[in-house]
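Numbering (the working numbering), first residue to last: 205 to 578.
C-beta: ideal position from N, C-alpha, C; glycine also.
This report refers to the structure that appears directly beneath it.
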């Protein structure tokens, strides 16, 4: 929970949204994933009431907005912190009590084959005697087409699994635990694989790079301390607050690669994925809690930034200057915006759409229809 974690570290203390009333934890929507299937758009969401939900999105028609209809919901037993889609496999990270320790809580990762949705989910376990994915809640997930899965937990540990055709129950397909990678002091909130290097970001403010062949740490971008007035340090190559997300980016014209990072220190930073150098940094006036990529009507890549107080900013990526602000969707759009932030997740969809979820329990759908002049 970004709000809870940030309050522990002195960020945005006492925030309760425009209503002045704290949102019940169980109402918070933590994550969203977009599924394009058979010409239709569907969404998975996870929330702290212990359920993931499947929604159907009917696209906008004329002056009417999109219609979002719930199709299905499933109770997993505890708060859902991460949902992720890889091809036709749906992954859900949540907290629940393992069978062998019914009075304790652990992080779980289950995966459903959407082509055989009636089958029970595959469970990612540390061992036959530890039927859970970690001792802490699962805050981030990353997958690759070859069946590798990485999870980041609140225990500060990254864990890796590999899909094998006979590792599951009764000789069916399943996931085998490969290794764990430790170093973060707090929740691992972002994972990205770029050019064979795994990047991770955490609530400790650090960004770490890992050799995926050995699991060894390859590079550390340390955090810096806030100054005596409580403001973030001006050091551009370091975060001065919890990292809330990571995002890979490849420049279409020359295939150069970068990693975006967002933080409660109010910045988004851009890192050269080849050498780890910080090449850009932009302040937002409030904590940045979620980031995603989309595009304008011309195909120019844009950066979506979900913010702590419920605002959403749209920024250029290849713009001059870098990360220039193009549009701000204010949380003050009552009944439309996220009045009770933070925005916990934001994901792009087809047709210049994007979807956001927040602590206010809302799932919102947006579409870019104008020209930003890029």
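Three-state secondary structure (DSSP) at residue i?
i: residue 231; result: helix
i: residue 320; result: helix
i: residue 312; result: strand
i: residue 329; result: coil
i: residue 405; result: strand
i: residue 522; result: coil
i: residue 364; result: strand
i: residue 537; result: coil
i: residue 224; result: Below a pLDDT of 50, predicted positions are generally treated as unreliable, and residue 224, at 45, falls in that range; the measurement from the model is reported next regardless. In the structure shown, residue 224 sits in coil (DSSP, three-state: anything other than H, G, I, E or B).
i: residue 291; result: coil
i: residue 562; result: strand
Once the 5 residues before and after residue i are set aside, which same chain residues still bring their CB inside 6 Å of it?
i: residue 225; result: Its pLDDT being 47, under 50, residue 225 is placed unreliably by the model, and the measurement read from it follows with that caveat. Nothing meets the Cβ criterion.
i: residue 277; result: 255, 257
i: residue 556; result: 571, 572
i: residue 292; result: 318, 319
i: residue 273; result: 260
i: residue 364; result: 354, 382, 383
To the nearest angstrom, report how far apart residue i and residue j are at their CA atoms.
i: residue 422; j: residue 415; result: 6 Å
i: residue 569; j: residue 482; result: 32 Å
i: residue 334; j: residue 521; result: 43 Å
i: residue 227; j: residue 565; result: Because the pLDDT at residue 227 is just 49, under 50, the model does not fix this residue reliably, and the value given afterwards should be weighed accordingly. Residue 227 and residue 565: Cα-Cα distance of roughly 9 Å.
i: residue 530; j: residue 325; result: 42 Å
i: residue 246; j: residue 321; result: 15 Å
i: residue 542; j: residue 356; result: 27 Å
i: residue 442; j: residue 551; result: 26 Å
i: residue 341; j: residue 464; result: 24 Å
i: residue 303; j: residue 231; result: 26 Å
i: residue 409; j: residue 360; result: 12 Å
i: residue 468; j: residue 362; result: 21 Å
i: residue 251; j: residue 366; result: 27 Å
i: residue 515; j: residue 532; result: 7 Å
i: residue 294; j: residue 315; result: 5 Å
i: residue 509; j: residue 286; result: 18 Å
i: residue 402; j: residue 562; result: 27 Å
i: residue 560; j: residue 553; result: 11 Å
What do you get for residue i, buried or exposed, if any count of 16 or more other CB atoms within 10 angstroms of its CB means buried?
i: residue 548; result: buried
i: residue 331; result: exposed
i: residue 283; result: buried
i: residue 489; result: exposed
i: residue 574; result: exposed
i: residue 417; result: exposed
Looking only at its own chain, which residues have a Cβ that is under 8 Å from the Cβ of residue i, when we skip the five neighbours before and after it?
i: residue 307; result: 301
i: residue 505; result: 453, 456, 497, 498, 499, 521, 522
i: residue 289; result: 237, 238, 239, 248, 295
Give every residue of the same chain whose Cβ lies closer than 7 Å to the Cβ of residue i, excluding the five residues on either side of it in the sequence, and list them in chain order.
i: residue 387; result: 412, 421
i: residue 503; result: none
i: residue 336; result: 302, 310, 311, 312, 329, 330
Along the chain, which unbroken stretches of the beta strand (DSSP E) at least 3 residues long are found entirely within the stretch 458-482? 461-467, 471-476
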